[in-house]
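Residue numbers (the UniProt record's numbering): 1 to 328.
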């Protein structure tokens with residue numbers, strides 16, 4: 001697993017039909033009927049295959065050594081430790097003769113991406129999905145570690161964040177704030193406000209001592225939804241390339257911002273409250289502000305680098321989002 005932000009693309013070219021049939025034959029998965037690149041997919045690494053024996057997803061051309069092996073390890077652990085719907089069996093094939101690189105193959109899971117059906121859902125449907133996702137994350141986060149850090153892809157041991165998780169996280173926010181200056185205007189007032197936010201959360205993060213497995217990239221592109229027993233719910237969870245052991249609230253941030261940008265702040269708050277049941281809301285809000293600050297620093301830099309400038313100050317932009325989310 002890696003907490004590093006991966007920006008490179010390892011796009012794989014569309015193989016020939018003969019290559020696909022050879023790949024399927026190796027694993028006893030029938031003969032190819034159709035195949036194509038997936039619309040979603042981490043780093044353009046994935047292909048969708050329909051064969052005489054079913055539907056499959058192939059992931060290849062790994063970003064870093066051990067990527068596919070560690071993803072198999074994570075999926076196998078989650079399948080053993082939880083009731084979550086993950087893509088098993090997850091088969092890794094190291095021989096590069098067929099495609100020119102190692103690959104994994106897994107069954108295609110049932111369901112649709114939330115962003116593809118969001119416009120069709122009622123508020124009740126959105127609420128059901130948010131509550132289902134909160135339940136899925138609570139169960140996933142029951143996988144604990146003795147230390148905050150990354151799982152070594154080959155040794156399966158935890159490499160701790162240095163000098164501490166708090167310092168690693170705060171330094172990362174500061175790093176991406178300064179990186180964003182390359183693409184946008186960030187003032188001394190913005191920086192003072194950011195450091196004030198970090199200072200306010202210093203004690204909360206210093207006292208934390210409950211590292212949990214986090215997916216690290218929980219967003220509509222990495223899970224599926226479907227109607228299960230007449231109600232919308234999460235039907236599949238996949239892509240664990242950015243997983244590590246940390247504060248579990250980090251897994252809420254991208255979905256909170258998805259709902260906020262879909263003008264569904266009520267659903268965002270339902271999601272937070274459902275996940276936080278039985279926990280101290282004041283502490284939850286303090287930690288969420290920092291994780292959201294981290295994501296919004298990244299988003300600010302991305303939007304400006306892509307020619308989509310935000311026409312207000314960074315401080316005002318983030319504060320406005322916090323207000324919409326009722327994060328005091």
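We put the CB at the ideal spot given by N, CA and C, even for glycine.
Contact between the stretch 203-214 and the stretch 29-41 is absent: fewer than three C-beta pairs spanning the two stretches fall below 8 Å. In its chain, beyond the 5 residues on either side, 45, 46, 104 have a beta carbon closer than 6 Å to the beta carbon of residue 59. Here residue 192 is exposed: its Cβ has fewer than 16 other Cβ atoms, across all protein chains shown, within 10 Å. Counting of Cβ neighbours within 10 angstroms places residue 209 among the exposed residues, the total staying below 16.
Residue 124 sits in a helix when the DSSP states are folded into three classes. Inter-segment contact for the stretch 280-298 and the stretch 142-150 is absent: fewer than three beta-carbon pairs are separated by less than 8 Å. When C-beta atoms of the stretch 230-242 are compared with those of the stretch 73-88, three or more pairs fall below 8 Å, so the two segments count as touching. DSSP, read as helix, strand or coil, puts residue 96 in coil. Spatial neighbours of residue 113 in its own chain (CB-CB distance under 7 Å, excluding positions within 5 residues in sequence) are listed in chain order as 40, 220, 221, 224. Rounded to whole angstroms, the separation of the alpha carbons of residue 125 and residue 227 is 10 Å. As summarised for the stretch 194-230, the continuous alpha helix (DSSP H) elements at least 4 residues long and confined to that stretch are 202-207, given in chain order.
Note on geometry: alpha-carbon atoms of residue 320 and residue 72 lie some 40 Å from one another.
For the options 257, 322, 15, 56, the alpha carbon positioned closest to that of residue 110 is the one of 56. Contact between the stretch 264-276 and the stretch 294-314 is not established, with fewer than three Cβ pairs separated by less than 8 Å.
DSSP lists 47, 105 as the bridge partner or partners of residue 58.
Within the model, the alpha-carbon separation for residue 217 versus residue 255 is close to 10 Å. A contact between stretches requires three or more CB pairs, one per stretch, nearer than 8 Å, and the stretch 297-311 meets this requirement with the stretch 174-182.
Residue range 17-26 is occupied by the alpha helix (DSSP H) that includes residue 21. In this structure, DSSP gives residue 322 a helical state, which the three-state scheme calls helix.
Counting along the chain, residue 159 sits inside the beta strand (DSSP E) bounded by residues 158-160.
Where residue 269 is concerned, the enclosing alpha helix (DSSP H) starts and stops at 265-275.
Here the alpha carbon of residue 149 sits roughly 6 Å from the alpha carbon of residue 158. For residue 151, the secondary structure class from DSSP, reduced to helix, strand or coil, is strand. Secondary structure at residue 296: helix, using DSSP grouped into helix, strand and coil. Residue 102 and residue 62 do touch by the CB rule: their CB atoms are close to 6 Å apart, below 8 Å. The beta carbon of residue 197 lies closer than 8 Å to those of 289, 290, 293 in the same chain, with the five residues before and after it left out. Excluding sequence positions up to five before and after residue 231, its CB lies within less than 7 Å of the CB of 128, all in the same chain and listed in chain order. Going by DSSP, residue 177 is part of the alpha helix (DSSP H) stretching over 165-180. Counting only the Cα atoms, residue 229 lies some 38 Å from residue 22. Rounded to the nearest angstrom, the gap between the Cα atoms of residue 184 and residue 195 is 19 Å. Out of 306, 249, 173, the CA that lies nearest to the CA of residue 279 is found in 249. Residue 244 holds the alpha-carbon nearest to the alpha-carbon of residue 70 among 244, 269, 12, 258. The Cβ atoms of residue 262 and residue 324 lie no closer than 8 Å to each other. Shown here, residue 144 sits in a strand according to DSSP, grouped into three states.
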